[in-house]
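Shown next, in the form of structure tokens:
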């Protein structure tokens, strides 16, 4: 396998150059949603998620088990 096959596919769009890992993606999503009164509810029943620590198919993973509702809310006011 060559190094090119291990590299992630390049992102596109105006902020593509700044997204290098999961942390960058999270920051971009949070920035996009903040100020839009966004609330996202996800409901899970006995769901297992493998969360990669790095980019690539062989990256080490943490295992999260979800059973219930995960709510993501953005706000520009920390008191909300």
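In UniProt numbering, the protein residues as written are 1 to 80. From the three backbone atoms N, C-alpha and C, an ideal C-beta is built for every residue, glycine too.
| Asked | Found |
| --- | --- |
| Residue 69 and residue 43 - do their beta-carbons sit closer together than 7 Å? | yes |
| Is the CB of residue 59 under 7 Å away from at least one CB in chain E? | Annotation note: the requested chain E is absent from the structure, which comprises a single protein chain. |
| For residue 53, which option in 18, 19, 23 has the closest C-alpha, if you only look at C-alpha atoms? | 23 |
| Quick one, which of 18, 29, 49, 30 has its alpha-carbon nearest residue 65's? | 49 |
| Pull up the distance between the alpha-carbon of residue 58 and that of residue 30, whole angstroms please. | 27 Å |
| Please report the distance separating the alpha-carbon of residue 34 from that of residue 55. | 26 Å |
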